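Chains as they are written, first to last, in this note's numbering: chain A, 1 to 115; chain B, 116 to 227. A virtual CB, placed ideally from N, CA and C, is assigned to each residue, including glycine. A quick note: this is a predicted structure, and the numbers were derived from the prediction, not measured. First the structure, in the form of structure tokens, and then the observations on it.
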């Protein structure tokens, strides 16, 4: 199993550009999450999904959109990037309550710089 | 919402020394995880431990849920233990979604 994978690993954008980050998991997990990590800080939740076709806002959702069209994929979109969105983005998944587990497993991260 | 505090914020050890990292939380929890973020930025799962005690090699963890704290023990530290250790919890209001709230982390440096 590859676990949780993220694409791309690095990206540089100019202010106002758009992009999509892809998260994929092969563990048949129900729940998926997007977090951001800023320097010297712990992770903060952006958006999450408790199943295919569902999404919800986390702590810091402004400026981001998400979609979960397939169970194994969770996409994070930036419609008009701003320098404040420079961060490292982590995706995570967990089996969820019905799947019998709350433990979250994280991808390797995407380092995004907005100039 | 639930608050998570980790101590100490920074720790410097000589190789071979033991250490204890602490995580305090302000409410009951359904999930508590310890992570190690290595110098390359990867988040590595150490323990899933909402209560009780677990051991994995030189590392062990104890969560006393009734007193709202968890401890991570590192014995015979090695330079590869360097990095940031995060505690993260899911509070009672998020039991259906599993949202994790992270502490600020403890930065550990192990010197050879």
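So which residues on chain A does residue i lean against when the C-beta distance must stay under 9 Å?
i	result
residue 163 of chain B	101, 102, 103, 104
residue 223 of chain B	By Cβ distance, chain A contributes nothing, its closest Cβ being about 15 Å from residue 223 of chain B, past 9 Å.
What residue range does the beta strand (DSSP E) around residue i cover?
i	result
residue 52 of chain A	Counting along the chain, residue 52 of chain A falls outside any beta strand (DSSP E), and DSSP gives it neither H nor E.
residue 193 of chain B	Note, residue 193 of chain B: premise wrong, no beta strand (DSSP E); not H, not E.
residue 59 of chain A	Taken as a continuous stretch (DSSP letters only), residue 59 of chain A belongs to no beta strand (DSSP E), as it is neither H nor E.
residue 205 of chain B	198 to 205
residue 77 of chain A	73 to 78
residue 226 of chain B	221 to 226
residue 13 of chain A	10 to 13
residue 19 of chain A	19 to 25
residue 137 of chain B	134 to 140
Please list, in chain order, the chain A residues whose beta carbon lies closer than 8 Å to that of residue i.
i	result
residue 205 of chain B	102
residue 212 of chain B	31, 48, 50, 56
In chain B, which residues lie less than 9 Å from residue i when you measure between Cβ atoms?
i	result
residue 109 of chain A	156, 157, 158
Can you name the residues of chain B whose CB is closer than 7 Å to the CB of residue i?
i	result
residue 10 of chain A	Correct list: empty, because the minimum Cβ distance to chain B is about 11 Å.
residue 21 of chain A	Here the premise fails: no neighbours, minimum Cβ distance about 15 Å.
Would you please state the rounded distance, in angstroms, between the beta carbons of residue i and residue j? I believe it to be under 8 Å.
i	j	result
residue 88 of chain A	residue 17 of chain A	With a Cβ gap of about 18 Å, residue 88 of chain A and residue 17 of chain A do not count as contacting.
residue 48 of chain A	residue 64 of chain A	Contact doesn't hold; Cβ gap of about 12 Å is too wide.
Using a cut-off of 7 Å between C-beta atoms, extract the partners of residue i located in chain A.
i	result
residue 218 of chain B	42
When you measure from the CB of residue i to every non-hydrogen atom of the ligand NAP, does any distance come out below 7 Å?
i	result
residue 34 of chain A	You won't find the ligand NAP in this model; it holds no ligand whatsoever.
>> Please identify, using Cβ separations under 9 Å, the residues of the segment 41 to 70 of chain A that lie next to chain B, in order along the chain.
In response: 41, 42, 43, 44, 45, 48, 50, 56, 58, 59
Point to revise | Inside the segment 144 to 174 of chain B only - beta strand (DSSP E) runs reaching at least 3 residues | key: 146 to 152, 158 to 163, 167 to 171
Determine which residues of the segment 132 to 152 of chain B have a Cβ less than 8 Å from any Cβ of chain A, and write them out in chain order. 145, 146, 148, 150
Below 9 Å between beta carbons is the criterion; list the residues of the segment 71 to 95 of chain A that meet it against any residue of chain B, in chain order.
88, 90, 92, 94
Q) Of all the residues that make up the segment 172 to 183 of chain B, which are near chain A by a beta-carbon distance shorter than 8 Å? A) none
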